[in-house]
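Just so we're on the same page, the working numbering is the position in the sequence shown counted from 1, plus 145. Structure record follows, encoded as structure tokens.
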Amino acid sequence: MTAKIIDGKATAERIRGEVKEAIEKRKTAGKSIPGLATVLVGENPASKVYVRNKQKACAEVGINSFGHDLPGDASQEEVEALVRKLNADPAVNGILVQLPMPKHLDEERVLASIDLGKDVDGFHPINIGRLAQKGREPVFVPCTPAGCMLLLEEAGAQIAGANAVVLGRSNIVGMPVALLLVKANATVTIVHSHSRNIPEIVREADILVAAIGQPEYVKKDWVKPGAYVIDVGINQKEDPTAKRGYRLVGDVAFAEVSEVAAAITPVPGGVGPMTIAMLLKNTLHAAELTD
Ligand code: NDP
146 MTAKIIDGKA TAERIRGEVK EAIEKRKTAG KSIPGLATVL VGENPASKVY
196 VRNKQKACAE VGINSFGHDL PGDASQEEVE ALVRKLNADP AVNGILVQLP
246 MPKHLDEERV LASIDLGKDV DGFHPINIGR LAQKGREPVF VPCTPAGCML
296 LLEEAGAQIA GANAVVLGRS NIVGMPVALL LVKANATVTI VHSHSRNIPE
346 IVREADILVA AIGQPEYVKK DWVKPGAYVI DVGINQKEDP TAKRGYRLVG
396 DVAFAEVSEV AAAITPVPGG VGPMTIAMLL KNTLHAAELT D
């Protein structure tokens, strides 16, 4: 079997197009233009790139973005005061606090201070709590996990009743993906660094989501023939033939696993582009909540 390649880039482009069109319609109807505030604390170079990319994507679809950069030694009170100010600003529909924040800050308290209706990253404890509860719905679903679910649906995976295995249990990816799969009626196993017999567990998966940050960790003989594989990992692998001296690989050995899976996301071009697309969608949704 040769796997179908799940084209996250194409799906993300389609979503961006839909968001752009919806914003144009809002303008014609005299409704507000959605606004996203980004909060970046410190000088983490990767975070700066992520924030810049998010602001660029906003501009492309017609979302206003407001960048707030605080120094790396900003106090808890300063960060929370900024979030409170943004909570009260009607031009701001979504607030994105770029993670990770410097170690001296209490991330949980900062995230909890974001207005629930502006929590476009979906990391507010109440949003995550609702994700974990039966019959409750969060206002916003975290962007990368939402992107994984959409790609699974578009690939035609049968989620209800499937055995799903999620590698990783981070707050950002693994745990919310697992909760979303449970909501979609899959039977879910979560694997983490203390798990035993990982290949055996993975072999039971009809749906596999890998989010552990270990290059090409999942091998062909771990994967059930016909499985749907979503690879969230983004890892640098040394490659002297590449211009930068490395290339990006996922947590799954793509070439060999493609020989057995029914469908698989590539890295890059799979889950990666979905994160920003879902953020734009959430920001539009936040504006719609205020109509
Ligand atoms: P974290 O480092 O926060 O979490 C990694 C998780 O994997 C932890 O739960 C850890 O277990 C588990 N883990 C690590 N090594 C192993 C192992 N050898 N066996 C079993 N479990 C293991 O990572 P993130 O969730 O933030 O990110 C995961 C990957 O996804 C990274 O490559 C990251 O770059 C990528 N990513 C991609 C995004 C995108 O496409 N847009 C967005 C976010 C992340 P334990 O809890 O026990 O420590």
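Just so you know, even glycine gets a beta-carbon here, dropped at the ideal spot from N, CA and C. Owing to the predicted nature of the structure, the values given are computational and were not obtained by experimental measurement.
Residue i beta carbon near ligand 1 (any heavy atom closer than 7 Å)
i, result
"I151", "no"
"S192", "no"
"L241", "no"
"G267", "no"
"V318", "yes"
"T289", "yes"
"N427", "no"
"L276", "no"
"I208", "no"
"A323", "no"
"N380", "yes"
"T420", "yes"
"L312", "yes"
"M359", "According to the sequence as given, residue 359 is Gln; it is not Met. Yes, ligand 1 has a heavy atom inside 7 Å of this Cβ."
"I249", "Looking at the sequence provided, one finds His at residue 249 rather than Ile. No, the beta carbon of H249 sits no closer than 7 Å to any heavy atom of ligand 1."
"I343", "yes"
Neighbour flag for residue i against chain D, beta carbons, 8 Å
i, result
"S210", "In the structure shown, chain D does not exist; there is a single protein chain."
Cβ-Cβ distance between residue i and residue j below 8 Å
i, j, result
"P360", "V405", "no"
"N330", "A305", "yes"
"A356", "V318", "yes"
"L231", "V224", "no"
"A157", "V265", "no"
"I352", "A398", "no"
"K149", "G414", "no"
"V347", "D396", "no"
"I165", "V228", "A small correction: the amino acid at residue 165 is Lys; Ile does not occupy that position in the sequence shown. Result no, Cβ atoms of K165 and V228 do not sit closer than 8 Å."
"L296", "V311", "no"
"L256", "V284", "no"
Buried or exposed (CB count within 10 angstroms, at least 16 for buried), residue i
i, result
"L324", "buried"
"G267", "buried"
"S340", "exposed"
"P370", "exposed"
"N342", "exposed"
"G239", "buried"
"Y391", "exposed"
"M419", "buried"
"S338", "exposed"
"M320", "buried"
"H269", "buried"
"M140", "Residue 140 is absent from the model: the chain starts at 146 and stops at 436."
"Q381", "exposed"
"Q278", "exposed"
"T435", "exposed"
"I160", "buried"
"T428", "buried"
"K172", "exposed"
"P190", "exposed"
"A233", "exposed"
Sequence-distant residues of its chain with Cβ nearer than 6 Å to residue i (five each side left out)
i, result
"M423", "C288, A291, G292"
"P344", "W367"
"E252", "M246"
"S403", "A148, I409"
"G187", "G217, P247"
"P179", "I208, N238, T428, L429, A432"
Contact set for residue i: own chain, Cβ-Cβ below 7 Å, skip 5 residues either direction
i, result
"P411", "I150, F399"
Nonlocal neighbours in the same chain, by C-beta distance under 8 Å from residue i, ignoring five residues either side
i, result
"K199", "L181, T183, S210, L241, I421, L424"
"D384", "G390, Y391, R392"
"I168", "I178, P179, V206, G207, I208, L429"
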